[in-house]
Amino acid sequence: MSADYNFQAIQDRWLPVWDQIKPFDSSVPGDDRPTKYVLDMFPYPSGDLHMGHAEAYALGDVIARYWVQRGYNVMHPIGWDAFGLPAENAAIKRGLDPRNWTYENIDQQKSSMRRYACSFDWDRVLQTCDPIYYRWNQWLFLEFYKRGLAYRKNSNVNWCPSCQTVLANEQVVQGLCERCDSQVTKKALTQWYFKVTDYADRLLDDLDTLEGKWPGKVLTMQRNWIGRSQGANVEFAIDGSERKLEVFTTRPDTLYGATFMVVAVDSDLAAELASGAQPETRMAFQDYLDKTKQSNDIERLATDRPKTGVFLDRFAINPLSGAKIPIWASDYVLADYGTGAIMAVPAHDERDMAFANAMQLPVIDVLDTGDPLPSESRVATTGDGTIINSGELNGLSKDQAILRAIEILEAKGLGRGSKNFRLRDWLISRQRYWGTPIPIIHCEACGEVPVPQEQLPVELPSSAGLDLSPKGSSPLGAAQDWVNVSCPSCGGAARRDSDTMDTFVDSSWYFLRYLSPNSTEFAFDPEQVKKWAPVDQYVGGVTHAILHLLYARFFTKVLHDMGMVDFEEPFTRLLNQGMVLMNGSAMSKSRGNLVRLSEQLDEHGVDAVRLTMAFAGPPEDDIDWADVSPSASSKFLARAWRVASDVSSSVGSDVTAGDQGVRKATHLFLQQFGEAIESFKFNVGVAKAMELTNSLRKAIDTGCGPADPAVREGAEELSKALSLFAPYAAEDMWSILGHEPAVALAQFRAVEKSLLVESSVVAIAQVDGKLRDRFEVPADISEDALRELALASDAVKRAIGDKELAQVIVRAPKLVNIATKG
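If you want it as structure tokens, here you go:
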């Protein structure tokens, strides 16, 4: 071995050894260690690994390696979320088959991940674009279909005109497509949905079980997205019609204040009502509808958006007051929220008041909050108060009136207590090629016919000859030999469903497929589920706080109800990492601030980059690469490596005979290091490793010397700790110290508590906030003795001088704080 630290030589030396001995194989027969399942969110194969990957996988690897060294059999798998628009769009741009582009990128990323030395079990690898994987997407779809959880309907959906495909609500970010940033519009299409709303209550209530285990902001985001509201469904008769207008309201106590109704302009109800209106009204309605279709839901719900609408020449009957109130169509009500219609109470709702003011509609006060009456001020009042102008509800509090109004409505058969959710069913259809084919056959005689299980997987046909460019319908519809089939039920001519599934279906259960990644018998082995699942620690970006995590939770609850798993939450603990920035901004070529991971690895080495990621700050914080120093990390690793190189005592030396001061430093380190890692304070763990390195260096150079067994003990524990952050350097240190690989399997020594008891400490004395003296004192010194010692100090006496003492605060055994008057 070289006398100098050479990261490239060390990397070349140990990577082939790890490939041979497979230290992280979690499937060894007879392994009776307790188990832990640590999982990183799997990557999309869009090119080589980047700086974001470097952070995410460095942090997840710290956790996995730590639990291995604590004596656990840790499953830490990896795979690729390989279907989806980016691969298809990239293939179209380059004139390639999406398969070739995807698998080439997977090979590149796999090679980089091996170099990056993550503790992955390379026998548990999956790609979601493999037929052996997506066969089980299709099988699960059919199981959901049997249970009424997969269904097809026509509705106005989010449409990306650039990607030429529909988007789930969660994939629209501030009105834009999350993939291409194009403005999202609405389009009427017949699409497939998963009935996630059937699980809305459980998805919301079970978040309570994750308190303290998931980041609070993620729990809040999920709760807000599910958005449960308690209230009542109320039926309004429509004057001159048998049709009923049903609304959901959280405030049935304000029914007497409803002075108009609003229906979503793009709802079927609005179109039906407008069809019976005067010709000029029908024309105005159609113009308004066409204009509304150019807006997205975010814009429509904006509070500062001017209120507009069309009167539909129809009136509803208030079920409590009997008053006739006009029905309007407007864009500030959404067709797919609640019933697509609202009762408007302008006196006590700001949006309704804005509409009433714009259209000069009446206002009735029904809640006295102590503020000026809205009918006079034309400013809505909200909050608690006493009900007024409301017949039998008068004099009641808000809460009392809500319950009483529901009782009256139910007695009249005009309403019922109810709840509503912001959550909508999950739209899974995509009009693109590169995804899991939906296993349904459409027959004119039989309707929707599930593909028989023995015919699964329904494999994607070759893309050769298909026009994959976005055009509003799936390219699979043009694959005549593939799409035209015989009906499994009647044998007649039929067609396959040509849409593919949203790629979030792939990632909603992939954590279970890792348990049996190559099985052709089942999606996942129930015995392996009992052994490993649920995931003990999940690591990934907060960008998936709603989309992926909500769907994975939904899948898990369905699988629980199917009897396939015995738990209802997939991820016991969740850690979100921040972003890697450059000069305060997200890295990109257009900004000119892109930092290439491959170049950083070539310049500084894998260990230095990984250590820098861990040392930069708390995992959830963003890292600005301009503010950190991988070169400093490399220098520290060289210093630690030289400590191991200088140790001259033999393996197995009696450490109890070593220098007690060095041993105390080592065992204090072990105590503090474990606490730091288990609380995700990885930067603190690195700092403690640096402190131990300094202590060992001092002991070697000016203290007990390199032959002392205590120095060996410290160097061995240091190498084990560094293997979490810098596996190559740590393995080399472990070898230099005379041990066989792998250091990752070497368990930490048990902390000797007796070594943590301090016999003496350094106390400081301050005068008027300034440090004046320090002295070593017994750890059990009394407050009185410490006070006398401080006041007797010559340095303290000089600082006090002729001034009178105002206060002496003693915090034995470490502090005396003296304050003087004046």
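Residue numbers in the sequence shown follow this note's numbering, run continuously in steps of one, and reach 1088 at the last position.
Where a beta carbon is used, it is the ideal one built from N, C-alpha and C, also for glycine.
Close-in-space but distant-in-sequence residues of the same chain around residue i (CB under 8 Å, 5 per side omitted)
i	result
residue 833	799, 800, 822, 826
residue 1079	1027, 1029, 1043, 1044, 1045, 1046, 1047, 1052
residue 574	554, 596, 597, 624
Extent of the continuous beta strand (DSSP E) to which residue i belongs
i	result
residue 1077	1071-1077
residue 944	Run containing residue 944: none in the beta strand (DSSP E); it sits in the alpha helix (DSSP H), 926-944.
residue 762	759-762
residue 608	607-610
residue 514	510-515
Distance CB(residue i)-CB(residue j) smaller than 8 Å
i	j	result
residue 972	residue 914	yes
residue 572	residue 501	no
residue 266	residue 530	In the structure as shown, the chain begins at 267 and stops at 1088. Residue 266 is therefore absent and cannot be evaluated.
residue 643	residue 630	no
residue 917	residue 807	no
residue 722	residue 458	no
residue 489	residue 539	no
residue 627	residue 664	no
residue 372	residue 311	yes
residue 835	residue 475	yes
residue 527	residue 593	yes
residue 788	residue 781	no
residue 562	residue 450	yes
8 Å Cβ cutoff, residue i in contact with chain B
i	result
residue 750	Protein chains in the displayed structure number just one, and chain B is not present.
Chain-order list of residues whose beta-carbon lies under 6 Å from that of residue i (same chain, five-residue window excluded)
i	result
residue 267	For residue 267, the predicted structure reports a pLDDT of 49, less than 50, and the residue's modelled location is therefore unreliable. A value from the coordinates is still provided. Here the set comprises nothing.
residue 318	846
residue 576	550, 551, 554, 595
residue 1013	335, 337
residue 348	311, 368, 393, 394, 395
residue 352	312
residue 911	1002
Limits of the unbroken alpha helix (DSSP H) element including residue i
i	result
residue 814	813-827
residue 306	From DSSP, residue 306 is part of no alpha helix (DSSP H) but of the beta strand (DSSP E) over 301-306.
residue 345	Segment 344-346 is the beta strand (DSSP E) holding residue 345; no alpha helix (DSSP H) there.
residue 554	545-558
residue 373	364-381
residue 708	No alpha helix (DSSP H) contains residue 708, which is instead part of the beta strand (DSSP E) from 706-709.
residue 899	896-912
residue 654	Element bounds for residue 654: n/a, residue is neither H nor E.
residue 848	Note, residue 848: premise wrong, no alpha helix (DSSP H); beta strand (DSSP E) at 846-848.
residue 665	664-678
Distance between beta carbons of residue j and residue i, contact taken as under 8 Å
i	j	result
residue 873	residue 994	5 Å
residue 701	residue 345	The pair is not a contact, with the Cβ atoms about 17 Å apart (cut-off 8 Å).
residue 390	residue 343	4 Å
residue 760	residue 751	6 Å
residue 453	residue 425	4 Å
residue 779	residue 392	6 Å
residue 341	residue 303	5 Å
residue 716	residue 411	6 Å
residue 385	residue 331	5 Å
residue 403	residue 772	6 Å
Counted within 10 angstroms of its Cβ, other Cβ atoms place residue i as buried (16 or more) or exposed
i	result
residue 517	buried
residue 287	exposed
residue 556	exposed
residue 1041	exposed
residue 569	exposed
residue 884	exposed
residue 1072	exposed
residue 564	exposed
residue 864	exposed
residue 446	exposed
residue 756	exposed
residue 758	exposed
residue 566	buried
Residues of its chain near residue i, where Cβ-Cβ distance is below 7 Å and the 5 sequence neighbours each way are ignored
i	result
residue 859	848, 849, 851, 853
residue 605	512, 513, 514
residue 979	921, 924, 929, 932
residue 1075	1083
residue 684	497, 498, 499, 514
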